[in-house]
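So in the numbering used here, spot 43 of the sequence shown is number 559, and the numbers just go up one at a time. Since the structure comes first, as structure tokens, the remarks are kept for the end.
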Amino acid sequence: MSTFELQTFHAGKWAVDSYFDDRDLAMSEAERLDNSPRHSGVRVLQEDFDDGSDRSTVRVIFTKVKDGGETDGGWRGQVKKPSQKPSQKASGTRAASNGGAKSKRQPKKQKGKSNLYWIISIAVILLLAGVAAMIGLQEFAKIL
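Written out as structure tokens, the structure is:
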């Protein structure tokens, strides 16, 4: 499974801007941010995560950084074509490859099981309320 992380360069640091599942969408957003004067750089990282081995490989697929030495504000950028074989970086080397930023990948929540527990809990509460109401009505009928 591949995810694409868009990072912006501002005040000397790379910061995560957004995550994408689609490469084209990430690249178009990078181009859009590249055209804005708000950030001095933009890059896109591709992270391939292998569920079986619980490892990920990260590589930079697009980088554009504003050259601070030029007075005309020109851009010095490069686009890296994806290679046939991904690099063999372990997930532990990710922090070093993106300027010390830690991965924000969250484990996927299992929505199906939590919904089932929620439905069962509500059903049990309604059942207990019904039984209590029936007992209460019987006791009330004995009084009359």
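C-beta atoms are modelled at their ideal positions from N, C-alpha and C, and glycine is treated no differently. Because the structure is a prediction, the values reported are computed rather than measured.
Q. Is F578 buried or exposed, if buried means 16 or more other CB atoms sit within 10 Å of its CB?
A. buried
Q | Under the three-state DSSP convention, the category R554 falls into | A | coil
Q: List the residues that DSSP assigns as beta-bridge partners of R559.
A: Q523, T579
Q. Taking three-plus beta-carbon pairs below 8 Å as touching, is the segment 525–538 in contact with the segment 548–562?
A. yes
Q | Three-state class that DSSP yields for S637 in the structure shown | A | helix
Q. My guess is that A542 and F565 are in contact by the Cβ rule of under 8 Å, so how many angstroms apart are they, rounded?
A. Actually they are not in contact, since the Cβ atoms of A542 and F565 sit about 16 Å apart, beyond 8 Å.
Q) From G568 to Q562, what does the alpha carbon distance come to, in whole angstroms? A) 19 Å
Q) Does DSSP classify D533 as helix, strand or coil? A) strand
Q) Helix or strand or just coil, what does DSSP make of S569? A) coil
Q.
One question on the structure: do L522 and E545 come within less than 8 Å of each other, judged by their Cβ atoms?
A. yes
Q | Selection from N631, K582, M517, F656 that minimises the alpha carbon distance to P553 | A | K582
Q: Starting from the Cα of W530, find the closest Cα among L653, I659, K580 and give me that residue.
A: K580
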